[in-house]
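Colleague: Protein chains in written order, with numbering that gives the first Met the number 0: chain P, 0 to 215; chain W, 0 to 215. Every residue gets a Cβ at the ideal spot worked out from N, C-alpha and C, and that includes glycine. Note that this is a predicted model, so its numbers are computed, not measured.
Protein chains: 2
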Amino acid sequence: MERRPSSNVSVDVLTLRYNATDREVELAVYPRATEPYIGQLALPGITLLEGERLADAAQRAVHEKLGVGVRGLGPLTVFDEPSRDPRGFTLSVAMWAVADGAEPHADVSWYPLDDVPALAFDHNQMVTSTRQMLTDKLWRDLAFTRALTGPEFPVSAAVAMTRSLSGSDPDRGNLNRRLQSVPGLNVGHKRVVLGRGRPGALWVWAEDAVAQEPVA
Amino acid sequence: MERRPSSNVSVDVLTLRYNATDREVELAVYPRATEPYIGQLALPGITLLEGERLADAAQRAVHEKLGVGVRGLGPLTVFDEPSRDPRGFTLSVAMWAVADGAEPHADVSWYPLDDVPALAFDHNQMVTSTRQMLTDKLWRDLAFTRALTGPEFPVSAAVAMTRSLSGSDPDRGNLNRRLQSVPGLNVGHKRVVLGRGRPGALWVWAEDAVAQEPVA
DNA sequence: ACAAAAGTGTTCGACTTACACCCATGG
DNA sequence: CCATGGGTGTAAGTCGAACACTTTTGT
Numbered sequence: 000m001e002r003r004p005s006s007n008v009s010v011d012v013l014t015l016r017y018n019a020t021d022r023e024v025e026l027a028v029y030p031r032a033t034e035p036y037i038g039q040l041a042l043p044g045i046t047l048l049e050g051e052r053l054a055d056a057a058q059r060a061v062h063e064k065l066g067v068g069v070r071g072l073g074p075l076t077v078f079d080e081p082s083r084d085p086r087g088f089t090l091s092v093a094m095w096a097v098a099d100g101a102e103p104h105a106d107v108s109w110y111p112l113d114d115v116p117a118l119a120f121d122h123n124q125m126v127t128s129t130r131q132m133l134t135d136k137l138w139r140d141l142a143f144t145r146a147l148t149g150p151e152f153p154v155s156a157a158v159a160m161t162r163s164l165s166g167s168d169p170d171r172g173n174l175n176r177r178l179q180s181v182p183g184l185n186v187g188h189k190r191v192v193l194g195r196g197r198p199g200a201l202w203v204w205a206e207d208a209v210a211q212e213p214v215a
Numbered sequence: 000m001e002r003r004p005s006s007n008v009s010v011d012v013l014t015l016r017y018n019a020t021d022r023e024v025e026l027a028v029y030p031r032a033t034e035p036y037i038g039q040l041a042l043p044g045i046t047l048l049e050g051e052r053l054a055d056a057a058q059r060a061v062h063e064k065l066g067v068g069v070r071g072l073g074p075l076t077v078f079d080e081p082s083r084d085p086r087g088f089t090l091s092v093a094m095w096a097v098a099d100g101a102e103p104h105a106d107v108s109w110y111p112l113d114d115v116p117a118l119a120f121d122h123n124q125m126v127t128s129t130r131q132m133l134t135d136k137l138w139r140d141l142a143f144t145r146a147l148t149g150p151e152f153p154v155s156a157a158v159a160m161t162r163s164l165s166g167s168d169p170d171r172g173n174l175n176r177r178l179q180s181v182p183g184l185n186v187g188h189k190r191v192v193l194g195r196g197r198p199g200a201l202w203v204w205a206e207d208a209v210a211q212e213p214v215a
């Protein structure tokens with residue numbers, strides 16, 4: 000093993016979106032175009048450039064590898080498992096991001112977090128070990144939650160996101176009260192019908208909450 | 000700014016000890032021997048070697064810069080503030096460590112967390128922003144707590160550590176119940192007298208708790 | 001009418017905080 | 001006897017989880 004006083008740092012991004020049709024929070028993966036693990040599915044990852052900020056690198060990774068922009072992003076954890084990369088990479092910073100609505104590259108695929116296929120490197124390990132953090136962020140981390148929900152969303156989406164991230168059906172009563180306690184989040188006047196069932200309220204983020212928390 | 004696909008990663012260690020005489024948890028700093036910031040006080044920090052684990056690097060930093068060993072250590076956060084280092088370092092991983100009883104280098108000094116002097120780099124910022132994490136670890140993170148207390152400790156030490164980390168006097172009744180709920184921690188038979196006042200119990204870590212959590 | 005979806009009310013236990021009060025020792 | 005430090009008991013407040021029940025829609 001080499002012992003140079005410098006390390007390659009990779010930034011790997013768990014890029015999410017809410018799929019309103021399937022009612023699922025989905026993770027973006029793409030087939031690697033370069034060695035190692037060429038052709039295998041992987042999280043968008045990139046090598047941090049000298050002097051580059053983590054947020055910038057994450058955005059670069061999502062843009063280059065997936066072809067989409069980012070509505071919000073933030074740090075998750077650091078992995079320093081040895082031999083996670085055959086080339087000798089050592090440190091990897093896991094970040095979350097929420098994709099904007101842009102059309103991704105054709106080879107990008109999206110999977111529910113419960114159904115992620117085999118990935119390159121230790122990316123499966125990264126997904127499983129950060130899942131709890133993502134779940135904890137929902138309705139607590141405003142930047143994360145706002146990015147995932149968009150400026151307004153029906154109750155059905157709130158239920159689906161919670162189920163999709165936590166893995167089990169939330170109690171609707173408790174979820175409703177939770178939403179009421181989220182700062183900057185208000186019940187709208189409109190009602191949203193969803194096939195059958197009682198129409199639900201449309202939740203709306205306050206303007207100032209929308210303005211804050213820029214992408215960087 | 001250079002844009003090479005490789006970054007220097009520094010590991011900076013908040014090295015603590017419990018000073019039984021002054022009843023304070025203290026932080027180790029030392030005067031830097033090299034540029035930049037030569038002569039200024041700083042946390043022990045080191046550049047991560049390629050393929051090196053964070054824990055190993057932290058241990059190396061503490062040993063080389065302070066001359067002491069480590070009874071326990073763990074991660075805190077990652078800082079990626081740009082220009083935190085004039086040389087162009089970018090990423091810094093903050094770790095906690097508890098020093099063993101070895102005699103440190105002569106120029107090492109220890110300060111209570113409330114009274115840390117001006118430090119090089121953004122190390123003051125690092126100390127203030129990780130303080131809450133350290134406080135949260137006490138009595139919760141077993142590796143941290145055991146390392147700081149040693150195999151057994153009197154009630155007075157528990158009170159002092161809590162006050163020293165949290166910044167305010169704990170309620171002794173609540174602290175006592177908290178100690179009782181810490182797994183692996185038991186009240187010993189011995190009593191410890193402390194000048195004046197009623198003698199306090201000696202708390203003892205269970206053997207298996209002592210065995211687990213190796214330094215790495 | 002019935003199933004599906006949304007919303008309200010209530011309770012329980014875990015945990016934190018605060019505070020009142022008793023106990024044991026040294027000076 | 002009293003200041004100092006140690007220890008027990010109790011009550012309020014917060015929070016999450018669980019559950020019963022009502023309301024409003026489509027089929």
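May I have the straight-line CA-CA distance separating P/Leu-90 from W/Ser-180, to the nearest angstrom?
Modeller: 36 Å
Colleague: Provide the residue span of the alpha helix (DSSP H) that contains P/Phe-78, from first to last.
Modeller: Note, P/Phe-78: premise wrong, no alpha helix (DSSP H); beta strand (DSSP E) at 69-78.
Colleague: Would you say W/Glu-34 reaches chain P, if we count a Cβ-Cβ gap shorter than 7 Å as a contact?
Modeller: no
Colleague: Here's the rule: buried if 16 or more other CB atoms are within 10 angstroms of the residue's CB, otherwise exposed. What is W/Pro-153?
Modeller: buried
Colleague: Hey, would you say P/Pro-43 sits closer than 7 Å to P/Val-12, going by beta carbons?
Modeller: yes
Colleague: Closer than 7 Å, Cβ to any Cβ of chain W: which residues of the region 83-95 of chain P, in chain order?
Modeller: Gly-87, Thr-89, Leu-90 and Val-92
Colleague: Below 7 Å between beta carbons: does that hold for P/Arg-70 and P/Val-28?
Modeller: Contact flag unset, no.
Colleague: Would you call the CB atoms of W/Ala-54 and W/Ile-45 closer than 7 Å?
Modeller: no
Colleague: Nearest to W/Gln-131 by CA position, among W/Asp-21, W/Arg-197 and W/Ser-167, is which residue?
Modeller: W/Ser-167
Colleague: Would you tell me roughly how many angstroms separate the C-alpha atoms of P/Arg-16 and P/Asp-79, rounded to the nearest one?
Modeller: Rounded to whole angstroms, the separation of the alpha carbons of P/Asp-79 and P/Arg-16 is 27 Å.
Colleague: Looking at C-alpha atoms only, which residue of W/Pro-30, W/Leu-26 and W/Glu-49 is the closest neighbour of W/Asn-7?
Modeller: W/Glu-49
Colleague: Return the chain-ordered ranges of every beta strand (DSSP E) run that is complete within the region 85-145 of chain W and spans a minimum of 3 residues.
Modeller: 90-98 and 108-111
Colleague: Taking the alpha carbon of P/Gly-172 as the reference point, which residue from P/Ser-155, P/Leu-164, P/Ser-163 and P/Gly-187 has its own alpha carbon closest?
Modeller: P/Ser-155
Colleague: Using the rule of at least 16 other Cβ atoms within 10 Å of the residue's Cβ for burial, across every protein chain shown, is W/Thr-127 buried or exposed?
Modeller: exposed
Colleague: For W/Lys-216, is the classification buried or exposed, using 16 other Cβ atoms within 10 angstroms of its Cβ as the cut-off for buried?
Modeller: Nothing about residue 216 of chain W can be read from this structure; chain W reaches only from 0 to 215.
Colleague: Taking the alpha-carbon positions, what's the W/Gly-87 to W/Gly-183 distance?
Modeller: 45 Å
Colleague: Determine which residues share a DSSP beta bridge with P/Val-12 and list them.
Modeller: P/Met-94
Colleague: Does the beta carbon of P/Arg-139 come closer than 7 Å to any beta carbon on chain W?
Modeller: no
Colleague: Within its chain, find whatever has a CB closer than 6 Å to the CB of P/Ile-37; leave out the 5 residues flanking it on each side and keep chain order.
Modeller: These residues qualify, in order along the chain: Arg-31.
Colleague: Would you grab the beta carbon distance between P/Met-94 and P/Val-10 for me? Rounded to a whole angstrom, and I think it's under 8 Å.
Modeller: 6 Å
Colleague: Report the option in P/Leu-174, P/Leu-133, P/Leu-40 and P/Leu-201 whose CA atom is closest to the CA atom of P/Asn-185.
Modeller: P/Leu-201
Colleague: Give a yes or no on whether the minimum CB-CB distance between P/Arg-52 and chain W is below 7 Å.
Modeller: P/Arg-52 counts as touching chain W.
Colleague: With 9 Å as the C-beta to C-beta threshold (strictly closer), list the residues of the region 107-131 of chain P near chain W in chain order.
Modeller: none
Colleague: Could you tell me the alpha carbon to alpha carbon distance between P/Glu-151 and P/Val-203, rounded to whole angstroms?
Modeller: Using only the alpha carbons, I get a separation of about 4 Å.
Colleague: Could you check what DSSP says for P/Ser-6 in three-state terms: helix, strand or coil?
Modeller: The three-state reading of DSSP puts P/Ser-6 in strand, counting E and B together.
Colleague: Just to confirm my understanding: we take W/Met-160, look at its own chain, exclude 5 residues before and 5 after, and list those with CB closer than 8 Å. What are they?
Modeller: Tyr-17, Val-24, Leu-137, Leu-147 and Thr-148
Colleague: Does P/Glu-49 have its Cβ less than 7 Å from a Cβ in chain W?
Modeller: yes
Colleague: Listing by chain order, which chain W residues have their CB less than 7 Å from the CB of P/Asp-79?
Modeller: Arg-52 and Leu-53
Colleague: Alpha carbon to alpha carbon, how far is P/Ala-205 from W/Val-115?
Modeller: 41 Å
Colleague: Run the proximity test for P/Pro-111: is its beta-carbon closer than 6 Å to any non-hydrogen atom belonging to the ligand SAH?
Modeller: The ligand SAH is not among the ligands present in this structure, which contains no ligands whatsoever.
Colleague: Per DSSP, what kind of secondary structure is P/Thr-161 in: helix, strand or coil?
Modeller: helix
Colleague: Tell me, to the nearest whole angstrom, how far the beta carbon of W/Val-158 is from that of P/Val-77; I am working on the premise that it is less than 8 Å.
Modeller: That belief does not hold up - the Cβ atoms of W/Val-158 and P/Val-77 are roughly 34 Å apart, past 8 Å.
Colleague: If you draw a straight line from the C-alpha of W/Pro-169 to the C-alpha of P/Asp-135, how long is it?
Modeller: Spanning the two alpha carbons is a distance of roughly 29 Å.
Colleague: For W/Val-8, return the contacting residues in chain P, with the cut-off set at a CB-CB distance below 7 Å.
Modeller: Ser-6, Val-8 and Leu-90
Colleague: Should W/Met-0 be flagged as near chain P, meaning a C-beta pair shorter than 7 Å?
Modeller: Note that W/Met-0 scores a pLDDT of 38, beneath 50, so its modelled location is shaky and nothing firm can be said.
Colleague: Report yes if the CB atom of P/Leu-118 is closer than 7 Å to the CB atom of P/Leu-40, and no otherwise.
Modeller: yes
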